[in-house]
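K.L.:
Sharing a structure, written as structure tokens. Questions coming.
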Amino acid sequence: MDLISSITGSYLSLDVKSLLLFTVIFILTIDYIKSRRPASFPPGPWALPILGNTFNVDHKKTHESMTQMARKYGDVYSLRMGKHWVVVLNGFEVLKEALVNQGDSVADRPALPLVMDLTKGLGVIFTSGDMWKQQRRFALSTLKQFGFGKKSLEPVILDELIHCSKDFLHFKGKPFNPHIILNNAVSNIICSLVFGHRFEYSDERFRKMIICFEKGLQGLTSIWAEFYNSFPLLLRHLPGPHQTFLQVFNAVKVFIREELEEHKQNWDPADGRDYIDCYLNEIQTSKGQAGSTFDEENLVACVLDLFVAGSETTSTTLRWAFLYMAKYPEIQAKVQEEIDRVIGQSRQPSTEDRVNLPFTEAVLHEIQRMGNIVPLSLPHETIKDIQLRGYTIPKGVLIIPNLTSVLYDENEWETPFTFNPRHFLNEEGKFVRPAAFIPFSTGKRLCLGENLAKMELFLFFTSFLQHFTFCMPAGVEPVFDYHLGVTLAPRQYEICATPR
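Residue numbers 65 to 564, in the numbering used here, belong to the letters of the sequence shown in order.
Structural data, given as structure tokens:
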């Protein structure tokens with residue numbers, strides 16, 4: 065009897081092992097068949113079953129990894145991230161051909177699970193189709209009323225500069241970390257447009273919102289985000305950093321909803337004080353209209369998007385600016401000499417001064433180029449099959465525009481890896497903007513906040529150098545290490561801002 069039981073157990077054990085082996089082989093075979101590169105698809109590295117090329121990319125230096133791969137596989141190549149195919153575009157000519165010449169065909173955003181769980185398919189930055197068109201059109205037209213990108217917004221920016229400079233002066237030339245102060249100042253400009261008022265830097269709710277917002281952006285491009293997008297059914301129910309991303313963005317939404325409720329208590333449809341007032345009017349006006357995408361949940365999502373578009377890139381660029389000025393004091397001195405000659409010390413800068421400050425403009429643009437703030441832009445998705453450089457990219461494929469490959473393109477820049485303001489000056493010393501300068505991307509999905517960012521950067525940078533000289537603490541050299549989120553930000557550092 066024991067012998068029979070032993071034989072039976074052995075057969076059962078063998079059957080279980082065989083079943084497991086068969087299941088694994090079956091899954092791998094199906095994965096191979098479903099996920100192999102289509103005909104005429106761009107080349108790329110061999111992909112692991114199930115995981116794809118997730119580990120071919122250094123997720124702390126994704127833009128560098130993707131730029132290096134272009135040297136091996138060409139300016140148009142493919143990666144498999146989990147079960148999804150991705151095509152990476154490199155070099156100015158390729159990006160122009162895809163995003164501009166065929167812009168209508170790549171205007172959608174991919175419905176990535178993590179983004180969809182964060183936004184619920186709402187907002188303006190990560191949406192597509194009619195939703196995107198309606199919300200973008202409304203955002204641009206409404207913010208234009210409040211001076212978005214115009215001279216009429218200057219007083220708001222210059223007023224915030226006064227508050228920011230007071231905080232700098234508080235340190236009396238001693239080392240301090242400018243990160244939080246800059247984030248507060250730039251975010252307050254968006255707050256003025258959206259909420260109709262600014263916040264004191266000491267406001268605890270405001271400070272928590274800014275910190276949560278930054279943490280959320282850092283997580284969106286991490287390897288955990290890749291896993292979440294590849295295996296959402298599993299990751300939604302597992303603990304980990306990906307859950308933190310959702311929580312911090314939800315905390316920002318709570319802040320926005322609280323502001324919305326306060327607005328509704330004093331809302332007068334005849335008095336459009338800010339973006340929220342105008343959006344509430346639009347909700348009322350479009351109520352009952354077929355195809356309308358305006359409601360309060362979408363309002364919250366759009367306000368969050370405006371913070372993404374109008375704050376993080378600007379504050380990060382200014383942090384790079386301080387580092388570069390400390391690294392190159394002779395360039396800083398030349399900028400200050402030009403500012404003193406054109407503006408002097410008795411008045412605040414104006415955007416009208418730009419034309420008379422060519423070297424300052426050149427330095428600021430070179431900071432943006434070298435800082436490479438949004439190195440991989442935001443992903444696109446093909447609306448239909450397209451042809452690009454002899455390859456066929458089918459409908460529904462995720463497209464990554466590698467802006468790093470453009471801003472550091474050896475065919476476009478004289479010294480691409482060296483800080484060189486001459487990239488933006490002609491022989492007569494006048495400012496020129498090369499076509500390959502696309503830090504805000506290009507085409508139909510050009511950054512919503514570009515005009516505001518350009519105005520803010522010029523006024524902040526010029527005003528700071530008008531009143532301060534920036535240097536590193538004694539014995540400390542500038543370090544250009546970074547951490548990668550949606551933006552490429554410098555590591556935390558301390559700087560000395562000495563009043564002039």
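We put the CB at the ideal spot given by N, CA and C, even for glycine.
Here the structure is a predicted model, which means the values were calculated and not measured.
Expressed to the nearest angstrom, what Euclidean distance is found between the alpha-carbon atoms of Cys366 and Leu186?
P.N.:
8 Å
K.L.:
Quick check for students: name the residue ranges of the alpha helix (DSSP H) that lie wholly in the region 111-160, counting only runs of 4 or more.
P.N.:
126-137 and 156-159
K.L.:
Out of Leu529, His531, Leu523 and Leu548, which one is the CA nearest neighbour of Ile253?
P.N.:
Leu523
K.L.:
Helix, strand or coil for Tyr455? Go by DSSP, reduced to three states.
P.N.:
strand
K.L.:
Which residue marks the beginning of the alpha helix (DSSP H) containing Ile226, and which one marks its end?
P.N.:
Glu218 to His234
K.L.:
Would you kindly check if the distance between the Cβ of Ala315 and the Cβ of Ile189 is under 8 Å?
P.N.:
Between Ile189 and Ala315, the C-beta spacing is not below 8 Å.
K.L.:
Given that a residue counts as buried once 16 or more other Cβ atoms are within 10 Å of its Cβ, and exposed if not, what is Pro537?
P.N.:
Answer is exposed; the Cβ neighbour count stays below 16.
K.L.:
Using C-beta distances below 6 Å, list every residue in its chain close to Val121, excluding the 5 sequence neighbours before and after it, in chain order.
P.N.:
Cβ neighbours of Val121 within its own chain (closer than 6 Å, five residues either side excluded): Ser129.
K.L.:
Is the beta carbon of Phe532 less than 8 Å from the beta carbon of Phe232?
P.N.:
yes
K.L.:
For Lys317, does the count of other Cβ atoms within 10 angstroms reach 16, so buried, or fall short, so exposed?
P.N.:
Only buried fits Lys317, as 16 or more other CB atoms lie within 10 angstroms of its CB.
K.L.:
DSSP three-state call for Tyr546: helix, strand or coil?
P.N.:
Tyr546 falls in the strand class under three-state DSSP.
K.L.:
Under the three-state reduction of DSSP, which class applies to Asn248: helix, strand or coil?
P.N.:
Here DSSP, grouped into helix, strand and coil, assigns Asn248 to helix.
K.L.:
For Leu176 and Ser229, I'd like the C-alpha separation in whole angstroms.
P.N.:
Near 41 Å, if we compare the C-alpha coordinates of Ser229 and Leu176.
K.L.:
Let me know the secondary structure DSSP gives Ile502 once reduced to three states.
P.N.:
Looking at Ile502 - three-state DSSP - the assignment turns out to be coil, as it is neither helix nor strand.
K.L.:
Closest to Arg497 by CA distance: which of Tyr343, Gly237, Glu476 and Lys328 is it?
P.N.:
Glu476
K.L.:
What are the residues that DSSP puts in a beta bridge with Cys560?
P.N.:
Cys535
K.L.:
Decide if Trp384 is buried, meaning its Cβ has at least 16 other Cβ atoms within 10 Å, or exposed.
P.N.:
buried
K.L.:
Does the separation of the CB atoms of Leu566 and Val550 fall below 8 Å?
P.N.:
The question about residue 566 has no answer here: the residues shown for the chain are numbered 65 through 564.
K.L.:
Closest to Glu430 by CA distance: which of Ile403, Glu264, Ser286 and Met389 is it?
P.N.:
Met389
K.L.:
According to the Cβ coordinates, are Leu552 and Ile437 closer than 8 Å?
P.N.:
The Cβ atoms of Leu552 and Ile437 lie closer than 8 Å to each other.
K.L.:
So, for Ala134: in the same chain, excluding its five sequence neighbours on each side, which residues have a beta-carbon less than 8 Å away from its beta-carbon?
P.N.:
Tyr141, Val152, Asn154, Gly155, Asn466 and Ser469
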